Structure formats: C-alpha cells, structure tokens
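Below: one structure, written as structure tokens.
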Amino acid sequence: MNLQNAWTHRQISKKQAFGLSIVFIWFFIGGIMHFAATRIEASVVPPYIPWPMAAVLVSGAAELLGAAGILIPRVRRAAGIGLFLLTVAVTPVHIYMLQRPELFHVPLWALWLRLPIQLALLWLIHWSTWRPRRQPAPLHSLR
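Residue numbers (this note's numbering): 1167 to 1309.
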C-alpha cells in the first residue's frame, strides 16, 4: 500500500488527506523537538507542573505516537482523539508564557498568535481524523 492509499484507504477526500499531512508534519516535527531540544522545551513548562523533563519526554513520545497513528486508518480516529487531548493539555504552557513573557526569548505577538493557531490545529485534527464511519447498508437494501 503506497502513502496515497494509506491516506485514502477509508475514502477520505484529498482535502482531508492534505489536512492529515499537516497534522502529521506538525506533531512529527514537534515530537522530535521534544527529544532534540529537551532542556529548551522543559524551560517553558509552568513551575506548578512536576517533573518538567519527564513531562516533555512523555508528551514528545505521545506526539510521535499520535503522528504515526494517524497514518494507520484503523487507529486514525483514536490517534486523532489523543492528539486533540494532548493539544488541549499543553494549553497551560501557552498561558504561562503569556503571563511571564519576560522569561522567554519570544516576541509577545508570537505568544498571542499561538492561541488562534492552537484553535485552528484543534479544528484540523478533528476535521481530518474524526470522519464519521459509514453505516452498514440495511439488510433489506441488499436484496
């Protein structure tokens, strides 16, 4: 099965396949960055979250698993739900960075921009991975 068939195996549109590609790239690169730049990632974890290094590594692994999961049609919906929940779970990081922008070397406008981007990402995850399952045809229509 080639990559195009992997995306469209469950009869998703080309637009949804494109959306899945964006979600995959976002979380694949993000997951890698959790391991490649662990200390930097841990520096943005709010102080009330215990074990910031562990939180970064676990969330990075979850991002990579979710990215891989959306490639597999049978688990795409579950992976999408996981990525949606993970995206919601990292919201405290965005809020913390907005509350304490002087601690980070990020322009304030970029910190504000992350919130609507996060909302758009949540929508894209939902739209591209939670495609309703087709109902089986009623028995009387099979005659």
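No residue lacks a Cβ here, since even glycine has one placed at the ideal position from N, Cα and C.
Every value quoted in this text rests on a predicted model; they were computed, and no experiment measured them.
- Classify Leu1290 as helix, strand or coil using the three-state DSSP reduction. Sequence index remark: in the sequence shown, residue 1290 carries index 124 (1-based). Correct three-state label for Leu1290: helix.
- Identify, in the order they occur along the chain, each residue of the same chain with its Cβ nearer than 6 angstroms to the Cβ of Tyr1262, setting aside the five sequence neighbours on each side. Numbered from 1 along the sequence shown, position 96 holds the residue referred to as residue 1262. Pro1212, listed in sequence order.
- Item | Outcome for His1200 when other beta-carbon atoms lying within 10 angstroms are tallied against a minimum of 16 | One-based indexing of the sequence shown puts residue 1200 at position 34. The residue in question, His1200, is buried, as its Cβ has 16 or more Cβ neighbours within 10 Å.
- Query: Can you tell me the Cα-Cα spacing of Leu1274 and Leu1290, whole angstroms?
  - Reply: Position 108 of the sequence shown, counted from the start, is the residue given in the question as residue 1274. Position 124 of the sequence shown, counted from the start, is the residue given in the question as residue 1290. Taking the straight line joining both Cα atoms gives about 25 angstroms.
- Message: Rounding to the nearest angstrom, what Cα-Cα distance links Ala1227 and Gly1197 in this structure?
- Response: The sequence position of residue 1227 within the sequence shown is 61, counting from 1. The sequence position of residue 1197 within the sequence shown is 31, counting from 1. Using only the alpha carbons, I get a separation of about 6 angstroms.
- Query: Nearest to Ser1294 by alpha carbon, out of Leu1252, Ala1220 and Gly1246?
  - Reply: Here residue 1294 corresponds to residue number 128 of the sequence shown, with the count starting at 1. It is Gly1246 whose Cα lies nearest to the Cα of Ser1294.
- Task: To the nearest angstrom, report how far apart Phe1184 and Gly1232 are at their CA atoms.
- Result: Position 18 of the sequence shown holds residue 1184. Position 66 of the sequence shown holds residue 1232. Spanning the two alpha carbons is a distance of roughly 17 angstroms.
- Query: Helix, strand or coil: which one does DSSP assign to Ser1179?
  - Reply: To locate residue 1179, count along the sequence shown from 1; it is residue 13. Note: Ser1179 maps to coil in three-state DSSP.
- Status (buried if at least 16 other CB within 10 Å, exposed otherwise) for Glu1207: Taking the first residue of the sequence shown as 1, we reach residue 1207 at position 41. By the 10 Å Cβ count, Glu1207 comes out buried.
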